[in-house]
Structures are given as C-alpha cells and as structure tokens.
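Protein chains in written order, with my numbering: chain A, 2 to 134; chain B, 7 to 217; chain C, 982 to 1123. Here the structure is laid out as structure tokens; the discussion comes afterwards.
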Amino acid sequence: MTLADVEEGDELPIEELYLSKDAVRAYAAASGIAFARFTDDEGARREGLPGMIAPGNMSMGLLAGRLERWAGVGSLARLGVTFRGIVLPDQTLRLCAAVTQKDEGSGSVEVDVWMESEQGDRLVIGTASVKIA
Amino acid sequence: MILDLHLHSERSDDSRAPVEQYLKILQRKRDERPLDGIVLTEHRQFDLHRDFRDLEDRYGLLILNAAEVETNYGHILVYGVNEAMLARFDFGDVRLPAQEVVSEVARLGGIALPCHPGRPNVGLLAHYETKPPLDGVVAVEAKNGGSKRGEDERVQDLIERFGYRAFGGSDAHLVSFVGICATEFDAEIRCMDDLVRELRGGSYRPADFRR
Amino acid sequence: MARIDPALLERVFDTTEFGPITASEMVSFARSLGEQAACYVEPGPDLRAHPTFCVKFRGRKGFPEDFPAALLGPMSFDAGKDVALGEPIRPGDTVRVASSVHDVYEKTGRSGGMTFVVVRFTMTNQRGEHVATIDNRLMYRT
C-alpha cells in the first residue's frame, strides 16, 4: 500500500475478535500485571468490578495491531487512546479505524481508532499517526 | 438547516480533532450526514477570539463557538457566550451552580441547555432523583452521539414530564463521529444570535444519522 | 482541588532501568495480543518488540515525594495514554524510564468527580536513543 492508495475518510474494514479470559490472563502475565482484576472474576468483584476485566493496555495493543496489519510493521508512530468503558472478556469486540488526514510531505496519515463492544458501545477511542510506505 | 450542536476540537482535553478535519469529513459524507454546520462546545473553556471565517468561506459550512460547562446538575451547553458571562462564571470550575448558570446565561443574552441528560452522574436525570428540577430549562439533548445503550431512551420520560424541547448533537471527540447526531431547524441560522433565538422559541428537532 | 506547585511539573522524580530485555518476554507479550507477524513472535535477528511493549515499563515511584497526597484517592484507574514511538526495542536492550508529572486537572464524567494526573515516562535505550514517550492519564475519584 502507498500513500496514493489512501484517501481522507477511508474506513478500514472492521476486525472482529473474540476476547477470551485466557487471552486476558496471558496478556496480564506477559505484562507483569497479573492482578486479581485481570485474572479472576471473584477477585475483581471484591474490588467492586462486575468481573475480571481486560487491561486498558491490552485494548491499546489490539488497536495497534489492527493498524499495523493495515499499514505494515513499524508503521505506527503515535497512538493515543482514552478508555471510556470497562472491557469485559468473553465477548466479540470490533476494532475500527478511519483515515482522517493525509500528509504528503511526511508520508503519514492520521487515523481515528476505536473499539466497540458487542452491543455497539465505544469502549476505547483514540487517534494514531501512521507512516505509509 | 441541520447543525451539530455539540462537539469538541483538540482544544478540549480529551479530543484530538482539528476543526478543519471535521469539515472535510462533513463534505465527504454529505449524503449520509447532510449538515450545514457545527457548533464547537469545548470543555470548561471559551475563547472569545476564535475566528472561523476563513474555514467557513473555504468549506461553505457554518462554524459557531459555544462551551460545555460542568455543574452541580451535570454538564450544560452554553450558547451565546459573551464577556459578561465569562466575567460572571469561571468556566473552568467543575462545580458551577446549575440554576445560576441557566438563569444568568438567559439574562445575559444566551441559552444554557443540559446535555446528555441520561448519562450517569453528569446527566440531569440522575440529579433530578435527589434535587429539585431546574427553573428555566428550555430544551435538553435528546440524542447524543456518545451515549451508551439506554441513556438516550431514558430522556424521553424527562422530556414528557417537564415539557422540555429536544435537540441533538454528536458529542464527537474524534473526527469520524461529527454529525452522527444533530439538530434540524426550520429557520435559517447564520450566526450565534440566530441560534440562540431559535433554540429559545423556534421550531427544531433532533436528527439521528447513525447507521 | 489541592493546589499544585508548578515546580512539581515536568521535573524528573524517578529514573528506573529495565533489562536486558529478553526475546522470550517480547514474544510472550506479542503472542498474548494474538500477533502473528514473524518479527514479533519468531526469535531471530529480525525480532523486535510489539509497538506497545513499552507500556509494560513503569517508574519505580508513582509520584514525587512532595506530591499533594490529597489529590490521590485509594485507587487509581487508567484513563488512557498517549504513546509516541521511537526506536524499536530489541533483545538485549535496556530501557531507562524517566518519570515526571506532566499535568493535573479536574473534570466530571460518568464516574462522577475526577482528578486526572498525567505522569510522563520518557524512555531511552542503552545507546541513548528515544524509545518512547508515554503520557499516562491516571484518574482518581474525588
């Protein structure tokens, strides 16, 4: 893909992924944050949560991966996200993105990114700067 | 005339949306979201000197400037902000007295309208459970593009109970969501004075362009 | 809100080093995100860390010692972060994290009244190259 292939307003195909509890536990372990809220439903409830939740960083990582599958490894220059809602495992999440700005000079694009729950709530929103080859 | 009455640019702490990119998206998505303009409602601030005439000329869209303030009854959109209002209220205060905001803004020539009234903690509905209703509320945001499931639905009850008018706004913090909810006016609006006049007593209704 | 001494802002209050980073921990991290790209999951000369691998590194101290305790509730929530990326992390690298308080502000939202403290991590590797700058927005309920 080159910059000429990208237009402002282009929407990337939505990627759906099933987020399992095991995947959340694996991420928590790999990140050194295997706390109760990320590994155990009962432990999470003792902290006032509805059950175990996915770390915000994991949502960020999933969105980063979505962008790199589109633009290539090493293309991500910046990613900023706001966590708007708890991400519970055992659901199918939707990873969404749309190109908002194209800069021919730097060869990069600005992209809106967001993660939706099964019910369509936007749980994570953000923007990214992506270098296009 | 259709306007998005509630959205945030990169001036708001949780938005990265440049104003011009909002306009480009509206141009591109004209078939899906046939808007005639936007009203920026930055969080907890207002800049009297913001000038969008160049962008308006280039894109043929109306761009007005308002504010979203935080009060003891939740968030309120303030249209028609002027020097007198900025002197009267610290827009950065997250605990403004809502009744005073509604009354004084009206007295000083503007209009203050509660937004996302169905939202927990920062919506009017939650506060009406424990506090007396506000005097002088003309309309509430019945369609908010950032609402979670059920939040907008709860507002219908509020509207019927108190006879509030209804309007819509995207509450966009990302460029992609500009105009997904908006307000359709029967009259033409060319400036903030027109908008305030129409919100007070004109004919309008929320518009929902979500797919 | 308790007043913040401007001198507290942008002042490095902690420096912590991590590493040498192993190929194994890089691969585990990437696999946990479902990554399949060879450069993230196959040990070898091309192996590099996932772009968000850097968020696992945090300063040892959360705040400066003279930070107003009144601003910090019993539990913080991760409200979001902004990551600006530099050189990729590779096996054998060390990562140095310099922490500073970048901003403090109040707002209200679905969770009620909140104080946000933005802690900035500036990360460099053993060659002094910029690896990442991460602005972490921590939310405390008021």
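Note that beta-carbon positions come from the ideal geometry of N, C-alpha and C, so glycine has one too. The model shown is predicted, which means the values in this text are computed figures rather than measured ones.
Check whether residue i and residue j have beta carbons under 8 Å apart
{"i": "alanine 148 of chain B", "j": "aspartate 141 of chain B", "result": "no"}
{"i": "proline 51 of chain A", "j": "isoleucine 34 of chain A", "result": "no"}
{"i": "histidine 1083 of chain C", "j": "arginine 1101 of chain C", "result": "yes"}
{"i": "leucine 54 of chain B", "j": "aspartate 10 of chain B", "result": "no"}
{"i": "lysine 1062 of chain C", "j": "valine 82 of chain A", "result": "yes"}
{"i": "phenylalanine 1010 of chain C", "j": "serine 32 of chain A", "result": "yes"}
{"i": "alanine 78 of chain A", "j": "threonine 1033 of chain C", "result": "no"}
{"i": "arginine 1077 of chain C", "j": "phenylalanine 1097 of chain C", "result": "no"}
{"i": "phenylalanine 52 of chain B", "j": "leucine 92 of chain B", "result": "yes"}
{"i": "valine 181 of chain B", "j": "isoleucine 31 of chain B", "result": "yes"}
{"i": "glycine 185 of chain B", "j": "arginine 39 of chain B", "result": "yes"}
{"i": "tyrosine 19 of chain A", "j": "threonine 93 of chain A", "result": "yes"}
Residue i CB to nearest heavy atom of the ligand MG below 7 Å
{"i": "threonine 136 of chain B", "result": "Within the structure as shown, the ligand MG is missing, as the structure has no ligands at all."}
Bridge-paired residues (DSSP) for residue i
{"i": "glutamate 190 of chain B", "result": "B/Ile8 and B/Arg211"}
{"i": "threonine 93 of chain A", "result": "A/Tyr19"}
{"i": "lysine 1088 of chain C", "result": "C/Met1095"}
{"i": "arginine 39 of chain B", "result": "The partner list for arginine 39 of chain B (beta bridge, DSSP) is empty, contrary to what the question assumes."}
{"i": "serine 130 of chain A", "result": "A/Arg79 and A/Glu111"}
Which of helix, strand or coil DSSP assigns to residue i
{"i": "glutamate 76 of chain B", "result": "strand"}
{"i": "valine 1008 of chain C", "result": "helix"}
{"i": "isoleucine 44 of chain B", "result": "strand"}
{"i": "phenylalanine 1058 of chain C", "result": "strand"}
{"i": "glutamate 111 of chain A", "result": "strand"}
{"i": "phenylalanine 168 of chain B", "result": "helix"}
{"i": "proline 1016 of chain C", "result": "Looking at the sequence itself, residue 1016 of chain C is glutamate, so the reference to proline does not match. Glutamate 1016 of chain C: coil per DSSP, three-state reduction."}
{"i": "aspartate 1063 of chain C", "result": "strand"}
{"i": "glutamate 16 of chain B", "result": "coil"}
{"i": "phenylalanine 1038 of chain C", "result": "coil"}
{"i": "phenylalanine 173 of chain B", "result": "strand"}
{"i": "phenylalanine 1097 of chain C", "result": "strand"}
{"i": "leucine 180 of chain B", "result": "coil"}
{"i": "arginine 34 of chain B", "result": "helix"}
{"i": "arginine 206 of chain B", "result": "helix"}
Closest residue to residue i among the options (Cα-Cα distance)
{"i": "glycine 1025 of chain C", "options": "C/Pro1072, C/His1031 and C/Asn1106", "result": "C/Pro1072"}
{"i": "alanine 1060 of chain C", "options": "A/Val7, A/Lys22, A/Gly66 and A/Val125", "result": "A/Val125"}
{"i": "arginine 1029 of chain C", "options": "C/Val1112, C/Thr1089 and C/Ala1051", "result": "C/Val1112"}
{"i": "glycine 116 of chain B", "options": "B/Asn71, B/Pro212 and B/Ile186", "result": "B/Asn71"}
{"i": "arginine 171 of chain B", "options": "B/Val143, B/Lys154 and B/Leu92", "result": "B/Val143"}
{"i": "leucine 13 of chain B", "options": "B/Tyr134, B/Ile82 and B/Ala193", "result": "B/Ile82"}
{"i": "serine 1057 of chain C", "options": "C/Leu989, C/Met1120 and C/Ala1019", "result": "C/Met1120"}
{"i": "tyrosine 28 of chain B", "options": "B/Gly129, B/Phe95, B/Ser15 and B/Leu102", "result": "B/Ser15"}
{"i": "aspartate 937 of chain C", "options": "C/Glu998, C/Glu991, C/Asp986 and C/Ala988", "result": "Because chain C here runs from 982 to 1123, residue 937 of chain C falls outside it and cannot be looked at."}
{"i": "valine 88 of chain A", "options": "A/Glu69, A/Trp115, A/Pro14 and A/Ile133", "result": "A/Trp115"}
{"i": "threonine 128 of chain A", "options": "A/Phe36, A/Ala45, A/Phe84 and A/Asp42", "result": "A/Phe84"}
{"i": "glycine 124 of chain B", "options": "B/Pro24, B/Glu62, B/Glu89 and B/Leu164", "result": "B/Leu164"}
CB contact below 8 Å: residue i versus chain F
{"i": "lysine 1088 of chain C", "result": "Given the protein chain composition of this structure (A, B and C), no chain F is represented."}
(request) Would you list, in sequence order, the uninterrupted beta strand (DSSP E) runs of no fewer than 3 residues that lie entirely inside the segment 101 to 162 of chain B? (result) 117 to 120 and 145 to 150
(message) Please give the ranges of any alpha helix (DSSP H) in the segment 3 to 88 of chain A, keeping only runs that are unbroken, at least 4 residues long and fully inside the region.
(response) 22 to 32, 37 to 40, 42 to 47 and 57 to 72
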